């Protein structure tokens, strides 16, 4: 039996998905956070999806999913530190929109999806940790040899309990 013919409305259809994880050589890249959206995983877990773009190739966009639960707190903390924020070791109110426009370093590695090779972000780190100041790929770095010292940023998240709503990450 042949398939049914249908009228389709393509007036609001995007050219592609929100992300275009182009394959790039594995290594460290200077990147920029360009967008953040609320996200709910297939398992029902809430969090955010950050859109991260290499500074030298605006056509390549990579999703970076961060859950808003205790198990994913390390991932969000690393992203905040990579963007230059000081993150106190206590509960804070996090505004993910403050990350938009910030440059970070990110390690891309190969991944295969439906038989096609693509790159995925495996870790994030401050741009100061890039081996050189080149915006393109650098050789892989050893995180054990890098010291991560960040100065307080003007956009730092408040660390006074009086200025912060006490929010348990699991409730976000």
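Numbering (the working numbering), first residue to last: 3 to 174.
Note that the Cβ used here is the ideal one computed from N, Cα and C, for glycine as well.
What you are looking at is a predicted structure, and each value in this text was computed from that prediction instead of being measured.
So is residue 76 buried or exposed if we call it buried at 16+ other beta carbons inside 10 Å? The residue is exposed, with fewer than 16 neighbouring Cβ atoms inside 10 Å.
Does the distance from the CB of residue 23 to the CB of residue 120 come in under 8 Å? yes
Specify whether the stretch 125-133 and the stretch 90-108 touch according to this definition: at least 3 beta carbon pairs, one from each stretch, less than 8 Å apart. yes
Quick check: is the beta carbon of residue 52 nearer than 8 Å to any beta carbon in chain D? Annotation note: the requested chain D is absent from the structure, which comprises a single protein chain.
Closest Cα partner of residue 72 within the set 61, 56, 66, 48: It is 48.
Residue 40 versus residue 54 - alpha carbon distance: 15 Å
With distances taken Cα to Cα, identify the nearest neighbour of residue 62 among 98, 94, 34. Of all alpha-carbon atoms in 98, 94, 34, the one lying nearest the alpha-carbon of residue 62 is that of 34.
Tell me where the alpha helix (DSSP H) around residue 32 begins and ends. First-last for residue 32: 29-42, but that is the beta strand (DSSP E), not the alpha helix (DSSP H).
Out of curiosity, what's the CA-to-CA distance linking residue 80 and residue 60? 23 Å
Here's the rule: buried if 16 or more other CB atoms are within 10 angstroms of the residue's CB, otherwise exposed. What is residue 129? buried
Hey, quick one: how far does the beta strand (DSSP E) through residue 119 stretch, first residue to last? 118-127
May I ask you to list the residues that DSSP assigns as paired with residue 76? None; residue 76 has no bridge partner.
Please report how far the alpha carbon of residue 45 lies from the alpha carbon of residue 69, in whole angstroms. Note on geometry: alpha-carbon atoms of residue 45 and residue 69 lie some 11 Å from one another.
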